[in-house]
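Reading through the structure tokens given below for one structure.
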Amino acid sequence: MLKGRHLIDPMDFSLEELDMIFELAGDIISHPGKYSDSMKGKLLATLFYEPSTRTRFSFEAAMLRLGGQVIGFSEPGSSSVSKGESVADTIKTVGCYADIAVMRHPKEGAPKVASLYSDIPVINAGDGGHQHPTQTLTDLLTIKKVKGRLSDLTIGFCGDLKFGRTVHSLIKALSRYENIKIVFISPDELKVPEYIRSEILIKNRIDFAEAERIEDVIGDLDILYMTRVQKERFFNEDDYIRLKDRFILDKEKMELAKDSMIVLHPLPRVNEIAYEIDNDPRAMYFMQAKYGMYVRMALMLKLLGVR
Amino acid sequence: MLRINSIDNGVIIDHIHVGLGLKIFQYLGLDKADYSVALIMNAASAKLEKKDLIKIENKVDIDYTVLGLIDPNITVDIIENGVIKEKVKLSLPEKVENVIRCKNPRCITSIENYIPHIFHLVDKAKGEYRCTYCDEIYRVSEIRE
Chain G
0 MLKGRHLIDP MDFSLEELDM IFELAGDIIS HPGKYSDSMK GKLLATLFYE
50 PSTRTRFSFE AAMLRLGGQV IGFSEPGSSS VSKGESVADT IKTVGCYADI
100 AVMRHPKEGA PKVASLYSDI PVINAGDGGH QHPTQTLTDL LTIKKVKGRL
150 SDLTIGFCGD LKFGRTVHSL IKALSRYENI KIVFISPDEL KVPEYIRSEI
200 LIKNRIDFAE AERIEDVIGD LDILYMTRVQ KERFFNEDDY IRLKDRFILD
250 KEKMELAKDS MIVLHPLPRV NEIAYEIDND PRAMYFMQAK YGMYVRMALM
300 LKLLGVR
Chain E
0 MLRINSIDNG VIIDHIHVGL GLKIFQYLGL DKADYSVALI MNAASAKLEK
50 KDLIKIENKV DIDYTVLGLI DPNITVDIIE NGVIKEKVKL SLPEKVENVI
100 RCKNPRCITS IENYIPHIFH LVDKAKGEYR CTYCDEIYRV SEIRE
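Protein chains in written order, with numbering that gives the first Met the number 0: chain G, 0 to 306; chain E, 0 to 144.
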């Protein structure tokens, strides 16, 4: 049962529970009209303690498309938080007005704290560099819809694999499926952290390899997951400039890939995917953003026990 | 020399590293006890030269698990009718609350001080604890420093 639950960590739900969400998301995609009033009278609170356009819009669009309504703040300066209110008090108060809450916070674990004090379901929409579980649901739904499966896949992760929380969460989530192979493509300075290798990959006996160039491995991949080198993670501007354009996916490299390979990206992109690829049918990153809204619709319906 | 009577029934927590006695007294909630309790500091010890120890009279159902985290060399003896009935074997507790503090500056506990600091044991062999909020990992060796 997902009714009344929170989503704080991408591993909070079992594979069966994830399947229920993906199945519902699939039905929403096929029959959107059927769901347009299903959240009538329900209120979503969006508590964004740091700016986010895409994730907040995605949640708001999801609720509005289900016939529900939205209240909230998009920066703490415009709320009681600026008066020093705690996360616990904020969520308790919001729970008096809204049916479900989504929280983004710069501090790690803030949504978890909220969930411990909350009477309504809380969804983590990103807590610092820690977790972003609805991005993981988005990635999994996209893979399932486009590839038709979540097992028997070779996935390449390219770019900033050190600080990229979406990459870490997706690797964790994929580790629960059968016959997953992973290829890491990143500069030495931005390699995947040791605990991901030892605690996730080696422990779950997942095949993984490392490569220095996209073109060396792209032909073997079913999925290429590109990420942005995040400027805000660098203390030194020179390091950022040196690394930001190390991996650029362009038309020439895409010619080496299988026709069935897909390109994913959590967005926003900077330079890592050339615009010339956007029209390639294998470029799925905007479709991925759309699936993100559908999976959030399904998630909220399940957490509120509406479907 | 200070003398505290021996107890017929209760618990003796012995071989506490000098200076840790008061801390342990508080961790175990003995400062709020309504039964007879004695904390002896700087007692002479053959094993440690000096030690702290705690005697609790007529009460045995106390949660000692936190002691395994603080110092596994502490001994806990359950006394019945003037003799040692049981020596409690200390091990690392599965969960500790408000014993360790998370030092991660990115953790929510760094800015909101009403939140209990909760850690779970994730690797018994390596002695690793994970913060329940931010997942930062601490080794027992760091915690005891």
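All C-beta atoms, glycine included, are put in the ideal place defined by N, C-alpha and C.
Given the structure is predicted, the values throughout are model-derived calculations rather than measurements.
Rounded to whole angstroms, what is the Cα-Cα separation between A172 of chain G and D60 of chain E?
42 angstroms
Could you pull out every residue in the same chain whose Cβ sits closer than 7 angstroms to the Cβ of F246 of chain G, ignoring the five residues on either side in sequence?
C157, G158, I184, I213 and E271
Return the chain-ordered list of same chain residues with a C-beta closer than 7 angstroms to the C-beta of N79 of chain E, the five sequence neighbours on each side being excluded.
It is worth fixing the name first, because residue 79 of chain E is Glu in this sequence and not Asn. Once the five neighbours on either side are set aside, the close Cβ partners of E79 of chain E are N8.
Beta carbon proximity, R105 of chain E to chain G, threshold 8 angstroms
yes
Is the segment 259 to 267 of chain G in contact with the segment 217 to 230 of chain G, if contact means three or more CB pairs nearer than 8 angstroms?
Short answer: they touch.
Terminal residues of the continuous alpha helix (DSSP H) containing A288 of chain G?
Y284 to L302
Where does M19 of chain G sit, in a helix, a strand or coil, going by DSSP?
helix
Please state the DSSP three-state secondary structure of E74 of chain G.
coil
Whole angstroms is fine: what's the gap from D98 of chain G's alpha carbon to K41 of chain G's?
Note on geometry: alpha-carbon atoms of D98 of chain G and K41 of chain G lie some 6 angstroms from one another.
What does E111 of chain E touch in chain G if you count any residue whose Cβ is under 9 angstroms from its own?
S85, V86, A87, K106, A109 and V112
Run the CB neighbour count on G81 of chain E, radius 10 Å, all protein chains shown included, and call it buried at 16 or more, exposed below.
exposed
Count the other CB atoms, across all protein chains shown, that sit within 10 Å of the CB of G291 of chain G; report buried if there are 16 or more and exposed otherwise.
buried
Strictly below 9 angstroms CB to CB, what residues from chain G border I114 of chain E?
S85, V86, A87, G108, V112 and L115
Am I right that L52 of chain E and I69 of chain E are in contact with their C-beta atoms under 8 angstroms? What's the rounded C-beta distance?
The Cβ separation is near 14 angstroms, so there is no contact.
Against chain E: residues of the segment 129 to 153 of chain G by CB proximity under 9 angstroms:
H129 and Q130
Run through chain G and tell me which residues come within less than 8 angstroms of Y137 of chain E, C-beta to C-beta.
What Y137 of chain E touches in chain G: nothing, since even the nearest Cβ is about 14 angstroms away.
What whole-angstrom Cβ distance do K360 of chain G and L160 of chain G have, given they're in contact under 8 angstroms?
Residue 360 of chain G is absent from the model: chain G starts at 0 and stops at 306.
Identity of the residue in G:D151, G:P132 and G:I195 nearest T165 of chain G by Cα:
Closest by alpha carbon: G:P132.
For chain G, check one thing: does any of its Cβ atoms lie closer than 8 angstroms to the Cβ of Y128 of chain E?
no
Helix, strand or coil for L160 of chain G per DSSP?
coil
Residues that DSSP places opposite G155 of chain G in a beta bridge
G:V182 and G:L223
Residues of its chain near E177 of chain G, where Cβ-Cβ distance is below 8 angstroms and the 5 sequence neighbours each way are ignored
S150 and D151
By Cβ distance, which residues of its chain are closer than 6 angstroms to F21 of chain G, with the 5 residues on each side in sequence left out?
L140 and K143
Among the residues of its own chain, which have a CB less than 6 angstroms from the CB of I107 of chain E, if the five just before and after it don't count?
Annotation for I107 of chain E: Y132 place their beta carbon closer than 6 angstroms to its own, counting only its chain and skipping 5 residues before and after.
Closest residue to A282 of chain G among G:L169, G:K252, G:E211 and G:S168 (Cα-Cα distance):
G:K252
Boundaries of the alpha helix (DSSP H) in which R241 of chain G is found, first to last residue:
Start and end: E236 to K243.
Measuring CA to CA, which of E:V121, E:R105, E:I142 and E:Y63 is closest to Y26 of chain E?
Nearest to Y26 of chain E by C-alpha distance, out of E:V121, E:R105, E:I142 and E:Y63, is E:Y63.
Chain E partners of G127 of chain G, CB-CB under 7 angstroms?
R105
Are the segment 101 to 109 of chain G and the segment 123 to 138 of chain G in contact at 8 angstroms, needing three or more beta carbon pairs?
Short answer: they touch.
Element boundaries [alpha helix (DSSP H), containing I90 of chain G]:
V86 to Y96
Does any residue of chain G bring its CB to less than 8 angstroms from the CB of D76 of chain E?
So, not an interface residue.
Consult DSSP for A32 of chain E and reduce its assignment to one of helix, strand or coil.
coil
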